[in-house]
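Asker: Okay, handing you the structure first.
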Amino acid sequence: MKKILILGAGGQIGSELVPHLRAIYGNNNVVAADISAEKCKVLAEAGPFEELNALDGEAYSAIVKKYNIDTIFNMVALLSATGEKNPKLAWDINIGALLNSLYIAKDNNCAVFTPSSIGAFGNDTPKNNTPQDTLQRSNTTIYGVCKVTGELLSDYYHHRFGIDTRSVRFPGLISYVTMPGGGTTDYAVEIYYDAIRKGAFTCNIDKGTYMDMMYMPDALNAVVQLMEADPSKLKHRNSFNIAAMSFDPEQIAAEVCKHIPDFKMEYSVDKVKQAIANSWPNNMDDTCAREEWGWNPQYNLKSMTEDMLDKVKKQFDAGLI
Ligand code: AKB
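Taking this note's numbering, the leading residue of the sequence shown gets 202, the next gets one more, and so forth.
Here's what the structure looks like:
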């Protein structure tokens, strides 16, 4: 990875992946691109930035050529709950951006990273210790349909054209820089903000609902580790299960209570999100990622909660939230 392009730079992952990669590979070697320049002011001040609609193949291709890009991170996505409000738009954006990335990668000899998700699994998938290679046929969301399609397309471009495509199935990602938007796992971010702001939280996912979750620093390390992995060691490519922790709302609330003893949580379950959560794994088996490229997460629920509450409290004290 010498010249990197990150699409969707203003999103939850992109906004942290850009500075992470710039710190490793140099500011000028990491080009941030997003449909909204407004969202990316900080990123644009620190290094190259391009305003780009990833569905505009010509403009996208011109940027890849302009900077002599060799690695594309396609982080453009409409998340699971938002996708259900407009499935056609979700398909057009999620698959349109991916197809452009693959076509352009083929023409310019680029590697491509595209995130998949626990959303690539459905009701027929084994819920516990979900295997790397398993049933993905009963997906209940357009987001999931896009993720499965994305995995297949990326593997196809690798086998057919030799494109270096790689991917991980991200759990719900928890972070304090940019809020996620329209995901099923968003409650696990919102709880920390409401705990600091109000000492209380209304949870839209029911108690007893387990999902895989991950703290952003581990997610960023996973991306770099996978993209730097020796290709001869990779038996899989699109996409690796990666796991760090699995909890239900009661467990994260109990962890918050250790720091804010008066914290109160009540439930107002969102039926759409709950149905999606019910169709996803309780916890994934990530043995292949550990064996093929050394995946090894650092954060668990306890250490993540300590750090999240500390960082969100600092934002609150500074009047930023
Ligand atoms: C979502 O909830 O849609 C995402 C995901 C797990 O892919 N956070």
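Every residue gets a Cβ at the ideal spot worked out from N, C-alpha and C, and that includes glycine.
1. Please indicate yes or no: does the CB of Gly373 lie closer than 7 Å to some heavy atom of the ligand AKB?
2. Look up Met412 in the DSSP assignment and give the residues it is bridged to.
3. Can you tell me which residues form a DSSP beta bridge with Val369?
4. Indicate whether the contact test is met: 3 or more Cβ pairs, each with one atom in the stretch 436-452 and one in the stretch 363-376, closer than 8 Å.
5. Grouping DSSP H, G and I as helix and E and B as strand, with all else coil, what is Leu510?
6. So Ile305 and Ser262 are supposed to be a Cβ contact under 8 Å. How far apart are they, rounded?
7. Have a look at Met415 and Glu217 and give me their C-alpha separation to the nearest angstrom.
8. Which residue comes first and which comes last in the alpha helix (DSSP H) that contains Phe362?
9. What does a CB cutoff of less than 8 Å around Thr410 pick up in its chain, not counting 5 residues either side in sequence?
10. Give every residue of the same chain whose Cβ lies closer than 7 Å to the Cβ of Ala423, excluding the five residues on either side of it in the sequence, and list them in chain order.
11. Within 10 angstroms of the Cβ of Asp419, are there 16 or more other Cβ atoms? Answer buried if so, exposed if not.
12. When DSSP builds the beta bridges, which residues end up paired with Ser318?
13. Just how far apart, CA to CA, sit Asn483 and Lys267?
14. Would the C-beta of Tyr226 count as close to the ligand AKB, meaning under 7 Å from any of its heavy atoms?
15. To the nearest angstrom, how far is it from the Cα of Val313 to the Cα of Asp365?
16. For Phe464, which option in Pro381, Asp395, Gln499 and Leu421 has the closest C-alpha, if you only look at C-alpha atoms?
17. Under the rule that 16 or more other beta-carbon atoms within 10 Å means buried, what is Glu285, buried or exposed?
18. Let's see if you can read the secondary structure: which residues bound the alpha helix (DSSP H) around Tyr388?
Answerer: Reading from the atomic positions:
1. As a working mapping, residue 373 is identified with position 172 in the sequence shown. Under cutoff, so the answer is yes.
2. If you number the sequence shown from 1, residue 412 lands on position 211. For Met412, which the question treats as bridged, DSSP gives the partners Phe448.
3. Taking the sequence shown and counting its residues from 1, one reaches residue 369 at position 168. The partner list for Val369 (beta bridge, DSSP) reads Phe441.
4. yes
5. If you number the sequence shown from 1, residue 510 lands on position 309. DSSP places Leu510 in helix when its eight states are reduced to three.
6. Taking the first residue of the sequence shown as position 1, residue 305 is located at position 104. Taking the first residue of the sequence shown as position 1, residue 262 is located at position 61. Contact flag correct, Cβ pair sits at about 5 Å.
7. Against the sequence shown, residue 415 aligns to sequence position 214. Against the sequence shown, residue 217 aligns to sequence position 16. Rounded to the nearest angstrom, the two C-alpha atoms are 14 Å apart.
8. Against the sequence shown, residue 362 aligns to sequence position 161. Ile343 to Phe362 is the span of the alpha helix (DSSP H), which, as asked, contains Phe362.
9. Here the question's residue 410 lines up with position 209 in the sequence shown. The beta carbon of Thr410 lies closer than 8 Å to those of Asp449, Pro450, Gln475, Ala478 and Asn479 in the same chain, with the five residues before and after it left out.
10. For the purposes of this step, residue 423 is taken as the residue at position 222 of the sequence shown. Contacts found: Val369, Ile443 and Trp496.
11. For the purposes of this step, residue 419 is taken as residue 218 along the sequence shown, with counting starting at 1. Buried, by the Cβ-count rule.
12. The residue given as residue 318 occupies position 117 in the sequence shown. Ser318 pairs with Phe371.
13. For the purposes of this step, residue 483 is identified with residue 282 of the sequence shown, where counting begins at 1. For the purposes of this step, residue 267 is identified with residue 66 of the sequence shown, where counting begins at 1. Approximately 44 Å, taken between the alpha carbons.
14. Along the sequence shown, one-based indexing puts residue 226 at 25. False, no ligand heavy atom lies under 7 Å from that Cβ.
15. Mapped onto the sequence shown, residue 313 falls at position 112. Mapped onto the sequence shown, residue 365 falls at position 164. Taking the straight line from one Cα to the other gives about 6 Å.
16. Reading the sequence shown from its first residue, position 263 is the one you call residue 464. Measuring from the Cα of Phe464, the nearest candidate turns out to be Asp395.
17. Locating residue 285 in the sequence shown gives position 84, where the first residue counts as 1. Its Cβ being crowded by 16 or more others within 10 Å, Glu285 is buried.
18. The sequence position of residue 388 within the sequence shown is 187, counting from 1. Its alpha helix (DSSP H) spans residues Tyr388 to Lys399.
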